[in-house]
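In this note's numbering, the protein residues as written are 6 to 282.
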Ligand code: SF4
């Protein structure tokens, strides 16, 4: 059996209610495609036949995935339940899912909801990530199992990061895991000649800062380091909650597959060639 880190289903829509200054979708500008969800079942069955499993299945998008229709989300939920090759399932969201009662009810028990923040303080977070609704104070937010992606920026000290993370964990007991995030300047190619990549280089920590992050965290907490096949995963436990950091030593997405427009591809949009596996 081959175990991959994740299979990410990326919806092809650039609609989003946030305006993040580091938006990966806007950096890479993947071609818009029909989502071709009618092919999803066959592709997952093929993976199962190849004896491939994944740690995570992630519903993602080049925009906000929960803006897709209820029927499409249900299709994805039903098919991934049927072809059971995932340890855990997640939905990435701008926060919009917490305002869509039907879609939220549909997904909340099977999918961890993954949110991304730069700040504990909602006002500051809304300002920098360009959104208008403070989703973290909705009733639905409290009912969800949350994975918090915490984006690391240059304007804070490491002590400030840790203090904020502890505040999140203390205030929101439904946060089940925290992931420290460095930003990718371009996941498709090396071109950084766009305002989003430039913003990242100016304001964000990137994989070049990995050693600094690990050194700091190791001086503050006990990390477990698991050297897995494609990446090193560091983990610190605070009040029973894992705080993780994936060191992407290799190309972005190497341990991952993507379902996009009905095809299985990598982050460079190359088809996955099974005969080479
Ligand atoms: S939530 Fe995602 S798609 Fe929306 S602007 Fe931010 S990075 Fe881009």
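Backbone N, C-alpha and C define an ideal beta-carbon position, used for all residues, glycine too.
Any non-hydrogen atom of the ligand SF4 closer than 7 angstroms to residue i Cβ
| i | result |
| --- | --- |
| residue 186 | no |
| residue 25 | yes |
| residue 245 | no |
| residue 68 | yes |
| residue 149 | no |
| residue 197 | no |
| residue 99 | yes |
| residue 123 | no |
| residue 29 | yes |
| residue 41 | no |
Whole-Å CB distance - residue i paired with residue j, under 8 angstroms assumed
| i | j | result |
| --- | --- | --- |
| residue 150 | residue 172 | Not quite, the Cβ-Cβ distance comes to about 19 angstroms (not below 8 angstroms), so this is no contact. |
| residue 183 | residue 140 | 17 angstroms between Cβ atoms; not a contact. |
| residue 266 | residue 41 | 6 angstroms |
| residue 133 | residue 247 | The Cβ separation is near 26 angstroms, so there is no contact. |
| residue 81 | residue 14 | 6 angstroms |
| residue 111 | residue 78 | 6 angstroms |
| residue 197 | residue 203 | 7 angstroms |
| residue 1 | residue 148 | Since the first residue shown for the chain is 6 and the last is 282, residue 1 is missing from the structure and cannot be characterised. |
Delimiting residues of the alpha helix (DSSP H) encompassing residue i
| i | result |
| --- | --- |
| residue 222 | 215-225 |
| residue 109 | 106-112 |
Residue interval of the beta strand (DSSP E) (run including residue i)
| i | result |
| --- | --- |
| residue 208 | Taken as a continuous stretch (DSSP letters only), residue 208 belongs to no beta strand (DSSP E), being part of the alpha helix (DSSP H) at 200-208. |
| residue 8 | 7-16 |
| residue 250 | 246-252 |
| residue 121 | 117-122 |
| residue 261 | 261-265 |
| residue 242 | 237-243 |
| residue 268 | 268-270 |
Cβ of residue i within 8 angstroms of any chain D Cβ
| i | result |
| --- | --- |
| residue 99 | Of the chains in the structure shown, none is chain D; there is only one protein chain. |
Quick check for students: name the residue ranges of the beta strand (DSSP E) that lie wholly in the segment 27-98, counting only runs of 3 or more. Counting whole runs of 3 or more residues, the segment 27-98 contains the beta strand (DSSP E) stretches 57-66, 91-97.
Suppose only complete runs of 4+ residues qualify. What are the alpha helix (DSSP H) ranges in the segment 124-198, listed by chain order? Given a length threshold of 4 residues, each whole run of the alpha helix (DSSP H) inside the segment 124-198 is given here in chain order: 127-134, 144-148, 163-176.
Decide yes or no for the touch test of the segment 149-164 against the segment 209-227: beta carbon pairs closer than 8 angstroms, at least 3 of them. For the pair of segments examined, the segment 149-164 was found to touch the segment 209-227: the number of CB pairs separated by less than 8 angstroms reaches three.
For the segment 60-77 against the segment 94-102, are there 3 or more C-beta pairs whose distance is under 8 angstroms? Segment contact: the segment 60-77 against the segment 94-102, three or more CB-CB distances shorter than 8 angstroms; contact assigned.
Evaluate contact between the segment 98-105 and the segment 38-57, counting only Cβ atoms and requiring at least three cross-stretch pairs below 8 angstroms. Fewer than three beta-carbon pairs drawn from the segment 98-105 and the segment 38-57 are found closer than 8 angstroms, and the two stretches are therefore not classed as touching.
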